[in-house]
Structure formats: structure tokens, C-alpha cells
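Per the UniProt record's numbering, the sequence shown runs over residues 1 to 156.
Backbone N, C-alpha and C fix where the C-beta goes; we use that ideal spot for every residue, glycine too.
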Amino acid sequence: MEGITGKPGSETKESCGGPRSPSGPLQCYPIRVCPGQELKSTLAQFVRSQALKAAFVLTCVGSVTRAHLRMANSTDTKLYDQGPYEIVSLVGTLSGGASGHLHTSLSNAEGAVVGGHVMGQMIVHTTAEVVVGNVSQVTFTRQPDPATGYDELCVD
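Below you can see the structure in the form of C-alpha cells.
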């Protein structure tokens, strides 16, 4: 399959997230994150407490008062603190790194949308209703990829 790569530096294209047979049962964990709680660290703590090895965000609805985001191809982060903002989307992995790899889209009261890589705190405004999925018989890890300069997802 074009564009699928293996573990950084490996010759095997399927060793790091390429096509594979079904991984096993999917467990779902509904979570409500309350006002004032920090969303990313709360999810990371939950994943650690449950010893989930291949966790990811299935869905999330709610609102935040502030968020630190990094835009594509940038090293700078931007603080959005003039909320509340509706969480239009929250996607990404929660296992395999210190606090996962999350991207979000947020909308303000006028409907303007901003999105990016979640770099810091996302403080919950009214609620964040999250369903975390975990794939059994799979482990997410991250390894340096010389092609990107980042630690990239590996599926074992």
C-alpha cells in the first residue's frame, strides 16, 4: 500500500502500523470530565490507571475555557483563552507516549473554528463527555522517525 511505512529505519513496511489482521476486541470507556478539570492530563491519568496499552479517543463533546494548540508546520504554540469554546472534534491516541497525541477543533460563540495539535492544557468549561477506546492484543508505542523528526506511532 502506497504511503504506509514501517518502524523508523526498518525495511518492513507492515511492522509499524501498516495493514494487519483484526487486532481483537475493542473496549469502550465512557468518561465525564468535570468543570475546571484539565482534559488531556485527566485522560492520560485514566489510561495509566487502567493500564490501557492501545487507547484512543472515540468521541468527545463538551466545552473548554482555554486550550494551548500548535498549528501545522509550526513550533510555536498559541493560547486560546477567550472561551468558552465548543469541542467540535477531539481525536488521537492516548497510549504510547507521555500524554498521547491529540488534535482538536474548537468553535467560539460566533462559530469561528480553530484547530491544531493539543500541546498544553485544555480546561473544561461545562463538561467533556469522552468515550475512550482500547484495542486489546495491541500496544501503541512511539519511536523516533528520522524522516519527520518526531516520535511516531508504532503498533505492536
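Go to residue i, then tell me how far its beta strand (DSSP E) extends in each direction, as first and last residue.
i: residue 135; result: 113-135
i: residue 78; result: 77-80
i: residue 27; result: 26-33
i: residue 143; result: 140-145
i: residue 63; result: 55-70
i: residue 95; result: Run containing residue 95: none; DSSP gives neither H nor E here.
i: residue 110; result: Looking at the DSSP string, residue 110 is not in any beta strand (DSSP E), and its letter there is neither H nor E.
i: residue 151; result: 150-155
Between the Cα of residue i and those of the options, spot the shortest distance and give me the residue it belongs to.
i: residue 57; options: 129, 116, 149 and 155; result: 129
i: residue 29; options: 86, 125 and 132; result: 132
i: residue 110; options: 134, 85, 125 and 124; result: 85
Label residue i either buried or exposed according to how many other C-beta atoms from any shown protein chain fall within 10 Å of its C-beta, with 16 as the threshold for buried.
i: residue 31; result: exposed
i: residue 147; result: exposed
i: residue 112; result: exposed
i: residue 241; result: With the chain running from 1 to 156 in the structure shown, residue 241 is simply not present.
i: residue 62; result: buried
Identify, in the order they occur along the chain, each residue of the same chain with its Cβ nearer than 6 Å to the Cβ of residue i, setting aside the five sequence neighbours on each side.
i: residue 90; result: 57, 60 and 104
i: residue 42; result: 33
Output yes if chain C places a C-beta closer than 7 Å to the C-beta of residue i; else output no.
i: residue 109; result: Considering every chain present, this structure includes no chain C. It has just one protein chain.
Compute the beta-carbon to beta-carbon distance between residue i and residue j, rounded to the nearest angstrom, for a pair I have assumed lies under 8 Å.
i: residue 138; j: residue 72; result: With a Cβ gap of about 28 Å, residue 138 and residue 72 do not count as contacting.
i: residue 122; j: residue 47; result: Not quite, the Cβ-Cβ distance comes to about 16 Å (not below 8 Å), so this is no contact.
i: residue 52; j: residue 95; result: 6 Å
i: residue 134; j: residue 27; result: 5 Å
i: residue 70; j: residue 36; result: Not a contact, Cβ separation roughly 24 Å.
Given residue i, which residues of its chain have a CB within under 8 Å of its CB, disregarding the five upstream and five downstream residues?
i: residue 92; result: 56, 57, 100, 101, 102, 103 and 118
i: residue 76; result: 70
Starting from residue i, follow the alpha helix (DSSP H) in both directions and report where the run begins and ends.
i: residue 49; result: 39-49
Leaving out five residues on either side along the sequence, give the residues of the same chain with a beta carbon under 7 Å from the beta carbon of residue i.
i: residue 141; result: 96, 154 and 156
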